[in-house]
Amino acid sequence: MGDFDLRFYLSILVRRLPYLVAIIAIFTLGGVVVALVLPKTYRATARLLVEAPQIPLDMAKSTVPTSAVEQFQIIEQDILTEDNLLALANRLEIYGASKLSDEDIADDMRERIHIDQVRPEGVRDGPVATVFDVSFDSRDPVLAAKVANDIVASILSRNMLARTDKAEDTAKFFNGEVARLGSELSRLEAEILKFKNANKDALPDSLDFRRNRLSSQQERLSQLEREEAQLQSRRNKLIEMFETTGGVASAVPVTPEQQMLRDMNRALAEQMTLFSEDSPNVVALRGQIAALQTRLRAASEANGGDKTGSTELDFQLSDIDERLRFIGQEKVRIDQDLNNLAKSIAATPGNDTVLNAMERNRASIQSQYTTATAMLAQASTGEQIEIGSKGGKISVVEAAKAPRAAFSPNRRRIAGVGLAAGVCLGFGLIVLLELLNRTVRRPSELTQLLQSRPLATIPYVESSDRNGSGWTRWRRGFALAGCMTAMMLGLSNTPLGAHKSPTAIEASRDGIVLL
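Numbering (the working numbering), first residue to last: 1261 to 1775.
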């Protein structure tokens, strides 16, 4: 096309202006018609605030694991289920006697319910309070506010019920755990007591005592055996002395003859170690001893000493025999005690193993019981916090009210969109027509076509009978605009004034009907 020629392009715009005006008029009028035909929709909005716990967490905290924001999101998903949406629609008679299916009603309710988290006005940075807007769209502003407030009431009741139920379930669980662990602990303690009573003589805590007792009893047994041997030896000596001297040692002074007899007996014993029985010294010494014994016996009989010596011997032998009987009984008792101590000491390691296992089990149950008791106290505190609504909760900042102005449609925006679309499509059509037009209209185009510069170019001069061709194009453009407008109105099947009657609009539409 060569250099930019403003006059040429302006002439094209003037020549194509009827088409541009017609398209702009068509789309602008269409936008206005659509804006007027679309029914009004009102949006009622309630604002909710998610509050932080009123009691400091370092003093007491709730036992509900989910935060208020998470609980809000859970409740939102619960409310938007098909069953709950149908129950809400039927309870408030949102669709009246409509024959829509349950799925269509649920889908339409989801589109009309809006739950959005918003940022408080005037706050840009930093932590802010958590605020949610709950909205509902309807053609009836009163119904929109009624449904929005009903949804808010449902959110509050569900949140309160969910948090209290969780707190009660937690307290109930730990209460059951405390009861179960308490009974288990009592059972284990009874078993430990029964085991200790059954093995009281073989428990590890008395092992050192029994070992010391075993040592002392063994020492005592050795002493008794030594004493028994000494007594037995003394008894034999007394009998031998009585048989030899005819008397026994007593507190009465010894006579010279008796002392001589003792000395001779000692000498005989010494000689017997050196000489044989046939030795002259031994034979002579035995004769002397026999003669001396005869004299002493005769003297004793003359003085009644035989009876006295025999009585003294009987007394001493009786004491020795009594002591020997006691030692024998004591040895039997000590032997039995030693056997029992040995058995109990041998059984102690096994009892220690069993008792340690029982004690460890009891300690484990005791630890669980202590923990469960502490958790029960915390759960009871958390339950009271939730019952008193002192934990994280959701409160109503602003209830929904019947809106005065419609939320949609934005009639000015729709008309503006129609105007903008008409302008864009009009200029687009002009550009397309010019790209498809191969007519030579400028000297530069003729030069490009002939590949040589002509001597002169004479422009086309309109005759007087063709001066009305421009007006003809205008008339054609306006006629085209009128036809398109009539077609759009015919397709809408609604008079221009029908938007003033909501009943007529509702009766003409198919599909889901907004009330």
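Beta carbons are placed, not taken as given, at the ideal position from N, Cα and C, and that holds for glycine.
Does residue i pass the burial test, meaning 16 or more other C-beta atoms within 10 Å, or should it be called exposed?
i       : result
Phe1575 : exposed
Gly1291 : buried
Tyr1355 : buried
Pro1278 : buried
Gly1610 : exposed
Val1274 : exposed
Gln1519 : exposed
Gly1642 : buried
Is the beta carbon of residue i within less than 7 Å of some heavy atom of the ligand COA?
i       : result
Phe1502 : The ligand content of the structure shown is nil, which means the ligand COA is not present either.
Smallest Cα separation from residue i: which of the options?
i       : options                               : result
Met1420 : Ile1674, Glu1503 and Ile1335          : Ile1335
Asn1344 : Val1329, Asp1362, Gly1356 and Ala1357 : Asp1362
Gln1478 : Leu1534, Leu1521, Asp1465 and Gln1596 : Gln1596
Arg1664 : Gly1291, Ala1349 and Ala1404          : Ala1404
Thr1633 : Phe1332, Gly1436 and Val1292          : Gly1436
Gly1686 : Leu1266, Arg1276, Ala1527 and Ile1415 : Arg1276
Val1683 : Arg1267, Ser1271 and Thr1288          : Thr1288
Leu1296 : Ile1690, Leu1692 and Arg1673          : Arg1673
Ile1625 : Ala1660, Ser1466, Glu1428 and Gly1442 : Gly1442
Met1501 : Phe1455, Ala1544 and Leu1577          : Leu1577
Leu1352 : Tyr1302, Leu1498, Lys1406 and Val1310 : Lys1406
Ala1681 : Phe1268, Leu1266 and Val1281          : Val1281
Across which residues does DSSP place residue i in a beta bridge pair?
i       : result
Ser1668 : Thr1301
Thr1390 : Val1310
Ile1375 : Val1394
Ser1655 : Leu1309
Quick one: grab the DSSP three-state call for residue i.
i       : result
Leu1360 : coil
Arg1399 : coil
Ser1446 : helix
Leu1309 : strand
Phe1268 : helix
Phe1575 : helix
Thr1341 : coil
Glu1336 : helix
Glu1694 : helix
Lys1591 : helix
Lys1426 : helix
Lys1456 : helix
Ala1527 : helix
Leu1662 : Residue 1662 is actually Ala in this sequence, not Leu. Of the three classes helix, strand and coil, the one that applies to Ala1662 here is coil, per DSSP.
Excluding sequence positions up to five away, which residues of its chain have a Cβ less than 8 Å from the Cβ of residue i?
i       : result
Ala1366 : Glu1342, Leu1345 and Leu1346
Arg1372 : Phe1396, Asp1397, Ser1398 and Leu1774
Ala1349 : Tyr1355, Ile1365 and Met1369
Ile1272 : Ile1690 and Glu1694
Ala1408 : Ala1304, Thr1305, Ala1306, Val1394, Ser1395, Phe1396 and Ala1660
Take residue i and list the residues in its own chain whose beta-carbon comes closer than 7 Å to its own, dropping the five residues that flank it on each side.
i       : result
Asn1525 : Thr1504 and Ile1549
Leu1491 : Ile1580, Arg1583 and Leu1584
Phe1434 : Ala1632, Met1635, Leu1636 and Ala1639
Leu1545 : Met1524, Ala1527, Leu1528 and Gln1531
Ala1666 : Lys1300, Thr1301 and Tyr1302
Once the 5 residues before and after residue i are set aside, which same chain residues still bring their CB inside 6 Å of it?
i       : result
Arg1486 : none
Met1618 : Ile1452
Within 8 Å (strictly less), CB to CB, does residue i reach chain D?
i       : result
Tyr1302 : Going by chain labels, chain D is absent from the structure shown, which holds only one protein chain.
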